[in-house]
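Sequence order for the protein chains is A and B.
Going by my numbering, the first sequence opens with residue 349, and the numbers climb by one from there.
Going by my numbering, the second sequence opens with residue 499, and the numbers climb by one from there.
Inspection log for the structure reproduced underneath, given as structure tokens.
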Amino acid sequence: MVSMLKIERKDYEALRQHGEETYPHECCGVLLGGMNGDARRVTSIARCGNTRTDSPQNRYNIDPRELVRIQREGRGRGEDIVGFYHSHPDHPAHWSPTDLAEAHWFGCSYVITSVEKGKAVITNAFELSGSDEGDKKLLDEKIEVAQAEM
Amino acid sequence: MLRFYGPGHRSESDRGIAASFTCMTQIHIPTPLRQYAGKQPTVEVTAGTVAEALSGLVSQHPDLRRHLYTDDGKLRSFVNVYLNDEDVRYLQKEATAVQDSDTISIVPSIAGGR
């Protein structure tokens, strides 16, 4: 069964715009929210800095300290981390071998936006599935963009 | 002036000294690992150091062990452990002392790229 990611239009557009702003570098950020039935529901997003200053055009890394802070602030609002997003400048919106190797948040969404010549084009979502590092895989996930507040 | 402290209290200058104090420490569990921790976002353990806290955690929830540690008992490279806002690697690693008001966060790394 394909899993589902529900996100408000403003947050969806904001994460795509983030990729345009950081082009030709990769952007990255956190999706916060909760589970709504079988769907992950995003109620806010948090922009992060890309600490891979050695190769920002094709790599990203979020400082764990920033994640600790985002997690704490989310807890205060009753939100959990439900996923992450990043961009692929001039590259398809599909996970790479590096994306899979570096993915460790099982049951969370990994959202990727292709940004071509500075313009966000396609945004796809994938769920990290499996029980451990040995059998993990990124599976296609449907994105439902809601116009109004969910 | 004399000050009397309850059990487990130490001053900031004691940080890093693994003495025989123990306190209740909260460990924040990241969303993907909660299924192995009774679906709890936070687990409380009695510990004097980060190592004792993590040991207490996996004692309470043995299914967590293989997700946190390698077969030879080392923390997995992508598992970051934070004491409040500090990476324990830059303190005294797992020997870092914990105090009553401390919280520990387990944070799997977030990285990738095309």
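C-beta atoms are modelled at their ideal positions from N, C-alpha and C, and glycine is treated no differently.
- Taking 8 Å as the threshold, the shortest C-beta distance from residue 430 of chain A to chain B falls below it.
- At the C-beta level, residue 529 of chain B and residue 456 of chain A come within 8 Å of one another.
- Apart from sequence neighbours up to five positions away, the residues of its chain that approach residue 477 of chain A with a beta-carbon distance below 6 Å are 485 and 487, ordered along the chain.
- Take residue 453 of chain A, set aside five residues on each side of it, and the residues of its chain with a beta-carbon closer than 8 Å to its own are 429, 431, 432 and 476, in chain order.
- In the DSSP assignment, residue 358 of chain A falls outside any beta strand (DSSP E) and lies within the alpha helix (DSSP H) extending over 357-370.
- Around the CB of residue 586 of chain B, 16 or more other CB atoms lie within 10 Å, so the residue is classed as buried.
- Look at residue 459 of chain A: its C-beta is not under 8 Å from any C-beta on chain B.
- Any Cβ of chain B closer than 8 Å to the Cβ of residue 416 of chain A would place that residue at the interface, and such an atom is present.
- With 16 or more neighbouring CB atoms inside 10 Å of its own CB, residue 577 of chain B falls in the buried class.
- The DSSP-derived three-state label of residue 602 of chain B is strand.
- Under the three-state reduction of DSSP output, residue 585 of chain B falls in the strand class.
- DSSP places residue 410 of chain A in the uninterrupted beta strand (DSSP E) bounded by 408-410.
- Pairing residue 393 of chain A with residue 441 of chain A gives a Cβ-Cβ distance that is not under 8 Å.
- Straight-line measurement puts the Cα of residue 352 of chain A at about 7 Å from the Cα of residue 492 of chain A.
- In the structure shown, residue 548 of chain B adopts helical secondary structure according to DSSP, grouped into three states.
- Interface flag for residue 433 of chain A against chain B is unset, since no Cβ pair is found closer than 8 Å.
- If you check each beta-carbon in the region 596-611 of chain B against every beta-carbon of chain A, the ones closer than 8 Å belong to 603, 605, 606, 607, 608, 609, 610 and 611.
- Per DSSP, the beta-bridge partners of residue 468 of chain A are A:463.
- At a cut-off of 8 Å, the C-beta of residue 526 of chain B has a neighbouring C-beta in chain A.
- Bounds of any alpha helix (DSSP H) do not take in residue 523 of chain B; it lies within the beta strand (DSSP E) bounded by 521-526.
- Between residue 468 of chain A and residue 461 of chain A a beta carbon distance of about 5 Å is seen, short of the 8 Å cut, so the two are scored as contacting.
- Interface annotation, residue 564 of chain B: in contact with chain A, CB-CB separation under 8 Å.
- Residue 592 of chain B sits away from residue 543 of chain B, with the two beta carbons spaced by 8 Å or more.
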